[in-house]
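Residue numbers (our numbering): 2 to 387.
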């Protein structure tokens with residue numbers, strides 16, 4: 002089947018506008034899910050959402066005026082596109098199942114229509130307005146930017162997976178190499194700790210604001226500040242693995258980054274359980290609050306204390322870094338946590354010294370954070386504010 006369309010450009014984007022029957026979109030496209038599909042950046046479709054769309058379609062009084070947004074690699078497009086003298090283009094699409102397009106926006110509409118079509122075969126011929134993003138080789142980040150703009154501005158959706166995928170695409174597009182791996186691993190660690198909800202001892206669950214576009218996202222510390230606090234720990238890990246990392250290609254570099262983030266996450270999680278046990282009143286008992294995506298999420302952090310804010314996060318993680326680098330020459334030995342625990346237990350700070358407005362108030366600079374690290378080691382005196 003030849004599908005007519007119009008090709009045009011906006012800024013640096015090459016786009017195609019057309020109308021395609023649902024059955025062809027279904028046969029020729031796929032939604033790439035983060036953690037399941039290679040280069041995926043979307044969450045699994047929400048069943049409640051697509052089931053509501055299914056019911057809407059089954060009412061027979063439905064309309065979908067907004068475009069389904071797809072993306073296609075430039076080289077794949079050249080196989081199916083032809084032009085005529087009137088400025089129109091034609092896409093040649095057969096009925097064979099073939100993964101040509103990636104679904105950028107509209108995955109719930111498509112899944113809802115698919116479910117409804119099981120009882121009404123006529124829906125397979127339903128015509129849908131489609132906008133197609135054409136992505137040049139090694140430029141998938143263009144597609145990701147558009148997805149990010151749609152979901153961070155037009156909708157109240159979480160965009161944390163977009164931030165993760167951006168780093169993967171930067172590696173694939175050869176924009177970063179081994180020297181720039183640190184931020185990539187850091188954001189993966191932040192995501193691991195934030196989403197590790199099955200571990201009741203993980204005090205960082207839902208505590209890190211990875212959705213940089215959202216003012217209403219729950220969390221006590223931004224991903225940038227959290228990442229900066231663990232750069233030293235990551236550098237230690239990379240120094241140990243330097244010889245093998247230098248030989249990795251892009252795909253192996255992505256796999257290495259994910260594995261590194263899991264191992265470092267485990268160290269940080271165990272270290273902060275020690276922190277919680279030392280200053281338990283600076284944390285809350287696990288309880289649920291409503292997040293931006295209308296889901297109830299468990300949190301343990303207490304916004305009335307500095308301990309998981311930038312001040313506490315940086316000063317404590319800097320201490321862990323020092324022990325790792327100075328005492329163990331970057332080796333991730335179990336004794337690192339033993340030394341860390343010994344230092345934390347012997348520290349003269351009490352729970353309420355971490356409270357906002359008390360002993361540590363007014364500290365907001367890197368030199369101040371380093372001072373708190375020295376206080377943790379009993380190397381510097383402090384004046385307690387009651």
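Ideal Cβ placement from N, Cα and C applies to all residues, glycine included.
On a predicted model such as this, the values are computed, not experimentally measured, just so you know.
Query raised in the report: How many angstroms separate the CA atom of residue 230 from the CA atom of residue 314?
Result: Counting from one through the chain shown, the residue named residue 230 turns up at place 229. Counting from one through the chain shown, the residue named residue 314 turns up at place 313. Each residue's alpha carbon lies about 7 Å from the other.
Query raised in the report: Out of curiosity, what's the CA-to-CA distance linking residue 272 and residue 44?
Result: As a working note, residue 272 is residue 271 in the chain shown. As a working note, residue 44 is residue 43 in the chain shown. Near 30 Å, if we compare the C-alpha coordinates of residue 44 and residue 272.
Query raised in the report: What is the rounded straight-line gap between the Cα of residue 56 and the Cα of residue 104?
Result: For the purposes of this step, residue 56 is identified with residue 55 of the chain shown, where counting begins at 1. For the purposes of this step, residue 104 is identified with residue 103 of the chain shown, where counting begins at 1. Spanning the two alpha carbons is a distance of roughly 22 Å.
Report task. Could you pull the start and end residues of the beta strand (DSSP E) that residue 131 belongs to? Result -> Residue numbering aside, residue 131 sits at position 130 when the chain shown is read from its first letter. Start and end: 128–136.
Query - Alpha carbon of residue 70 to alpha carbon of residue 107, nearest angstrom - result: On the chain shown, position 69 is the one that residue 70 refers to. On the chain shown, position 106 is the one that residue 107 refers to. For the pair residue 70 and residue 107, the Cα-to-Cα distance works out to about 7 Å.
Requested in this report: Tell me where the beta strand (DSSP E) around residue 84 begins and ends.
Outcome: Along the chain shown, read from residue 1 onward, the residue named residue 84 stands at position 83. Counting along the chain, the beta strand (DSSP E) containing residue 84 begins and ends at 82–84.
Query raised in the report: Which runs of the alpha helix (DSSP H) spanning at least 4 residues fall entirely within the region 350–383, listed in chain order?
Result: 367–377, all fully within the region 350–383.
Report task. Please say whether residue 235 and residue 111 have beta carbons closer to each other than 9 Å? Result -> For this step, residue 111 is matched to residue 110 along the chain shown. For this step, residue 235 is matched to residue 234 along the chain shown. No, they are not a contact pair.
Query - Rounded straight-line distance, which links the Cα of residue 143 to that of residue 13 - result: On the chain shown, residue 13 is found 12 positions in, with the first residue counted as 1. On the chain shown, residue 143 is found 142 positions in, with the first residue counted as 1. Cα to Cα, the separation comes out at about 9 Å.
Query raised in the report: Starting from residue 187 and walking both ways along the beta strand (DSSP E), at which residues does that stretch end?
Result: For the purposes of this step, residue 187 is identified with residue 186 of the chain shown, where counting begins at 1. Here residue 187 belongs to no beta strand (DSSP E); instead the alpha helix (DSSP H) covers 182–196.
**Report entry** Inter-residue spacing [alpha-carbon to alpha-carbon] between residue 93 and residue 21
**Finding:** Counting from 1 along the chain shown, the entry for residue 93 is found at position 92. Counting from 1 along the chain shown, the entry for residue 21 is found at position 20. Using only the alpha carbons, I get a separation of about 11 Å.
Query raised in the report: So is residue 347 buried or exposed if we call it buried at 16+ other beta carbons inside 10 Å?
Result: Against the chain shown, residue 347 aligns to sequence position 346. So residue 347 counts as exposed.
Report task. Could you say if the region 33–44 and the region 111–120 meet the contact criterion of at least three C-beta pairs nearer than 8 Å? Result -> no
Report task. Following the continuous alpha helix (DSSP H) through residue 111, name the residue where it begins and the one where it ends. Result -> Position 110 of the chain shown holds residue 111. 108–118 is the span of the alpha helix (DSSP H), which, as asked, contains residue 111.
Report task. Identify whether residue 28 lies in helix, strand or coil by the three-state DSSP scheme. Result -> The residue labelled residue 28 in the question sits at position 27 within the chain shown. Of the three classes helix, strand and coil, the one that applies to residue 28 here is helix, per DSSP.
Query raised in the report: How is residue 15 classed by DSSP in three states: helix, strand or coil?
Result: The residue you call residue 15 lines up with position 14 of the chain shown. Strand, per DSSP.
Query raised in the report: Quick one: is residue 291 buried, meaning 16 or more other Cβ sit within 10 Å of its Cβ, or exposed?
Result: Counting from one through the chain shown, the residue named residue 291 turns up at place 290. Its Cβ having fewer than 16 others within 10 Å, residue 291 is exposed.
**Report entry** Proximal residues to residue 297 (C-beta, below 8 Å), its chain only, five neighbours per side dropped
**Finding:** Within the chain shown, the letter at position 296 stands for residue 297. Around residue 297: 289, 290 and 291.
Query raised in the report: Hey, out of 302, 141 and 247, whose CA is closest to residue 75's CA?
Result: Working through the chain shown from its first residue, we reach residue 75 at position 74. Answer by Cα proximity: 141.
**Report entry** Neighbour-count burial assignment, residue 345, 16 or more Cβ in a 10 Å radius
**Finding:** For the purposes of this step, residue 345 is taken as the residue at position 344 of the chain shown. That one is buried.
Query raised in the report: Can you name the residues that DSSP bridges to residue 210?
Result: Residue mapping note: residue 210 aligns to position 209 of the chain shown, counting from 1. Residue 210 pairs with 223.
Query raised in the report: With residue 340 and residue 317 assumed to form a contact (beta carbons below 8 Å), what rounded beta-carbon distance in angstroms separates them?
Result: Taking the first residue of the chain shown as 1, we reach residue 340 at position 339. Taking the first residue of the chain shown as 1, we reach residue 317 at position 316. A Cβ-Cβ separation of about 14 Å leaves residue 340 out of contact with residue 317 under the 8 Å criterion.
**Report entry** Enclosing beta strand (DSSP E) for residue 47 [first to last residue]
**Finding:** In the chain shown, the residue the question calls residue 47 occupies position 46. In the DSSP assignment, residue 47 falls outside any beta strand (DSSP E), carrying neither H nor E.
Query - the region 245–253 contacting the region 195–207, beta-carbon criterion three pairs below 8 Å - result: no
Query raised in the report: Should the region 353–364 be regarded as contacting the region 261–269, the criterion being three or more beta carbon pairs within less than 8 Å?
Result: Under the three-pair Cβ rule at 8 Å, the region 353–364 does not count as touching the region 261–269.
**Report entry** Limits of the unbroken beta strand (DSSP E) element including residue 284
**Finding:** Here residue 284 refers to the residue found at position 283 when the chain shown is read from its first residue. Element bounds for residue 284: 284–291.
**Report entry** Own chain residues within Cβ distance below 6 Å of residue 243, not counting five before or after
**Finding:** Translated into the one-based positions of the chain shown, residue 243 becomes position 242. Here the set comprises nothing.
Report task. Helix, strand or coil for residue 91, going by three-state DSSP, please let me know. Result -> Numbered from 1 along the chain shown, position 90 holds the residue referred to as residue 91. Strand, per DSSP.
Query raised in the report: What is the residue span of the alpha helix (DSSP H) that residue 101 lies within?
Result: In the chain shown, residue 101 corresponds to position 100, counting from 1. For residue 101, no alpha helix (DSSP H) encloses it, and the DSSP letter there is neither H nor E.
**Report entry** C-alpha gap between residue 109 and residue 135, whole angstroms
**Finding:** Here residue 109 is taken as the residue at index 108 of the chain shown, counted from 1. Here residue 135 is taken as the residue at index 134 of the chain shown, counted from 1. Spanning the two alpha carbons is a distance of roughly 22 Å.
Query raised in the report: Using the C-alpha atoms, what's the distance from residue 66 back to residue 193?
Result: In the chain shown, the residue the question calls residue 193 occupies position 192. In the chain shown, the residue the question calls residue 66 occupies position 65. Cα-Cα distance, rounded: 38 Å.
Query raised in the report: Near residue 385, what residues of its chain come up, given a Cβ to Cβ distance below 6 Å and the 5 sequence neighbours on each side ignored?
Result: Taking the first residue of the chain shown as position 1, residue 385 is located at position 384. Here the set comprises 360.
Query - Beta-carbon gap between residue 311 and residue 222 smaller than 9 Å - result: As a working note, residue 311 is residue 310 in the chain shown. As a working note, residue 222 is residue 221 in the chain shown. Yes, these two residues count as a Cβ contact at 9 Å.
Query raised in the report: Between residue 256 and residue 121, what straight-line distance do the alpha-carbon atoms span, to the nearest angstrom?
Result: Mapped onto the chain shown, residue 256 falls at position 255. Mapped onto the chain shown, residue 121 falls at position 120. So the alpha carbons of these two residues sit roughly 43 Å apart.
Query raised in the report: With burial defined as no fewer than 16 other Cβ atoms inside 10 Å of the residue's Cβ, what is the status of residue 334: buried or exposed?
Result: For this step, residue 334 is matched to residue 333 along the chain shown. That one is exposed.
**Report entry** When 15, 83, 200 and 85 are compared against residue 147, the one with the closest alpha-carbon
**Finding:** Locating residue 147 in the chain shown gives position 146, counting from the first residue. When only C-alpha atoms are compared, the closest one is 15.
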